[in-house]
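Structure first, commentary second.
In this note's numbering, the protein residues as written are 183 to 421.
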């Protein structure tokens with residue numbers, strides 16, 4: 183890595199450089215190129231949105247940034263470290279502690295209470311002191327989003343908006359540096375969608391957590407910091 187690259191990586195929380203990704207379909211000779219030399223930089227505490235139609239590769243890009251998938255080629259650096267050279271143990275730690283995921287569907291466990299769902303990311307952790315500290319963080323965050331009175335209830339009695347708020351808290355429970363939100367309002371009505379985006383932005387500022395929101399809705403994207411558009415595999419600033 184050059185001296186310039188070292189300085190650049192130090193200044194940035196996330197650096198995505200010339201990432202390519204293609205998929206091969208059964209019976210189809212030619213691969214479908216989803217990401218075509220995508221580059222992106224994100225500072226600590228910064229919030230951005232990525233817009234694009236369904237199938238444009240937005241979720242694929244988030245999965246690669248979150249180490250759920252690997253690029254065909256290109257580099258991902260997080261906090262100055264390359265994900266390409268990380269061990270599987272380091273990637274597991276990265277996914278569990280450094281990044282929080284929020285999806286279109288909340289994926290809450292129906293048999294567990296709100297508090298138990300919030301603490302799911304802490305289950306693999308063996309450090310008891312850390313577990314106790316996360317429980318206190320969960321209590322603080324549930325109060326922050328107005329769900330403390332629902333902590334012992336099951337998801338089945340909550341509204342869609344309330345379930346998505348629980349999912350946000352679950353994503354934040356380990357106090358990650360980065361939140362990746364993939365169409366977090368896609369299953370909600372307009373009022374609840376607006377509330378969820380407001381909450382994401384409030385949490386972004388309150389906890390200095392960087393935020394990438396993927397959406398197909400221009401009105402949602404316009405509320406979230408810098409805007410980018412992913413189209414035909416290319417990521418460009420949206421004018």
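The beta carbon of each residue, even a glycine, is placed where N, CA and C say it ideally should be.
Remember, predicted model here, so these are calculated numbers, not experimental data.
Proximity test, residue i beta-carbon vs the ligand ADP heavy atom, cut-off 6 Å
i	result
residue 196	For the ligand ADP, the structure offers nothing, since it holds no ligand at all.
Endpoints, the alpha helix (DSSP H) within which residue i is located
i	result
residue 283	Careful: residue 283 lies outside any alpha helix (DSSP H), inside the beta strand (DSSP E) at 281 to 284.
residue 418	That residue, residue 418, is in no alpha helix (DSSP H); its beta strand (DSSP E) goes 416 to 419.
Cβ-based burial, residue i [other Cβ within 10 Å; buried from 16]
i	result
residue 248	buried
residue 206	exposed
residue 291	exposed
residue 337	buried
residue 392	buried
residue 352	buried
residue 397	buried
residue 191	At residue 191, the pLDDT of 47 sits below 50, so the modelled position is not reliable; the number obtained from the coordinates is stated separately. That one is buried.
C-alpha gap between residue i and residue j, whole angstroms
i	j	result
residue 270	residue 306	15 Å
residue 327	residue 379	13 Å
residue 225	residue 196	7 Å
residue 189	residue 216	A caution first: residue 189 carries a pLDDT of 42, below 50, which makes its placement in the model unreliable, though a value can still be read off. When rounded, the distance between both Cα atoms is 30 Å.
residue 264	residue 272	11 Å
residue 313	residue 266	30 Å
residue 409	residue 383	14 Å
Residue closest to residue i, alpha-carbon to alpha-carbon, out of the options
i	options	result
residue 368	251, 230, 401, 390	401
residue 295	267, 308, 349, 250	349
residue 358	253, 283, 224, 258	283
residue 280	399, 355, 346	355
Cβ neighbours of residue i in the same chain (closer than 6 Å, five flanking residues each side left out)
i	result
residue 332	296
residue 406	229, 231, 395
Residues near residue i by beta carbon distance below 7 Å, same chain, minus five either side
i	result
residue 335	295, 296
residue 303	278, 352, 355, 356
residue 390	226, 227
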